[in-house]
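Structure first, then comments.
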Amino acid sequence: MLKNHILIVEDEAIVASDIQYSLQKLGFFVTGVAASGELALSMIKSSQPDLILMDIMLQGKLSGLDTAELIMKTYSIPIIFLTAYVDEVTLSRAKKCEPFGYIIKPFKEIQLQTAIEMALYKFKKEDDLIKERNLLYSIMDNSKIMNDMLFIKSENKIVKIKLADIYFIHADQSEVVIYTNNSEFKLHSSINELKEKTGELFIQLSDQFLINKEKVLRIDYPTIYFKDIFKVIKVINEDEPTIDSLFNL
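Rendered as structure tokens:
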């Protein structure tokens with residue numbers, strides 16, 4: 000199992016030494032100890048830590064908050080603030096840095112371990128969500144892939160559905176349900192957004208339904224029956240001639 004790499008940014012030598020000893024005892028790898036913000040910034044480039052323990056009240060030109068703000072602009076690294084005392088103004092500024100945790104000095108080893116493990120877990124979950132979102136956006140921007148497939152996010156997973164496997168799509172307020180032979184997928188979207196992605200295979204009936212023309216068995220207005228599965232839908236407030244024309248009947 001790979002050890003997590005941690006950079007300590009602390010200007011009190013004794014405190015920094017105690018933290019380093021505790022981290023090594025807990026099984027973490029200390030990439031270095033920086034006594035100033037300037038040194039911390041230079042060490043990040045070479046050590047690439049997984050997490051940074053940052054003293055808020057650093058001495059020197061750059062405070063811990065200044066350093067954290069600069070790190071956020073360039074890197075994606077979780078930061079935990081170390082502090083003995085902060086006034087309301089400093090605390091308010093610290094919140095804007097969106098740290099992954101706070102540790103109040105003096106602290107116990109178990110508090111250090113808990114804060115680090117929670118921060119690493121939270122950061123990984125957020126990073127996974129960002130990667131999934133970016134993947135989804137890149138897929139949806141690829142028109143060739145979208146010709147016969149639909150990619151949706153369901154239960155924190157990206158699901159690939161063949162358009163030919165969809166029987167119909169039903170919109171209800173802010174929620175849309177996609178019906179296949181044996182599954183239902185719920186997502187937050189609109190019927191118009193999905194209409195753009197499903198193409199000519201689907202027709203839109205009212206503002207609630209997208210119907211796969213190839214899956215329709217028969218129409219007994221206002222009821223539509225589907226092949227292979229025992230599913231029927233009733234179209235409300237729709238003129239029969241319009242339905243006929245949409246199906247080329």
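For the sequence shown, counting from 1, position 34 maps to 33 in numbering that gives the first Met the number 0; every step adds exactly one. A virtual CB, placed ideally from N, CA and C, is assigned to each residue, including glycine.
Cross-strand partners of A33 (DSSP beta bridge): V8
Nearest-angstrom Cα separation, counted from E192 out to K233: 22 angstroms
What number of angstroms, rounded off, separates the C-alpha of E116 from the C-alpha of N181? 40 angstroms
In whole angstroms, give me the CA-to-CA distance for Q158 and L128. Correcting the residue identity first, residue 158 is Val in this sequence and not Gln. Those two C-alpha atoms are separated by around 14 angstroms.
Limits of the alpha helix (DSSP H) - the one that N191 falls within: 190-197
Span separating the alpha-carbon of I144 from that of H169: With a pLDDT of 45 at I144, under the threshold of 50, the modelled position of this residue cannot be trusted, and the question is left open.
Contact the stretch 21-28 vs the stretch 74-91: 3+ CB pairs below 8 angstroms: no
From H187 to L52, what does the alpha carbon distance come to, in whole angstroms? 38 angstroms
Please look up how many angstroms separate the CB atoms of I275 and A93, rounded, as I've assumed it's under 8 angstroms. Since the first and last residues shown for the chain are 0 and 248, residue 275 lies out of range.
Please name the residue, chosen from I151, K107, F99, that lies closest to D126 on a Cα-to-Cα basis. F99
For L111 versus L50, is the C-beta spacing smaller than 8 angstroms? no
Please name the residue or residues paired with D54 in a DSSP beta bridge. L81
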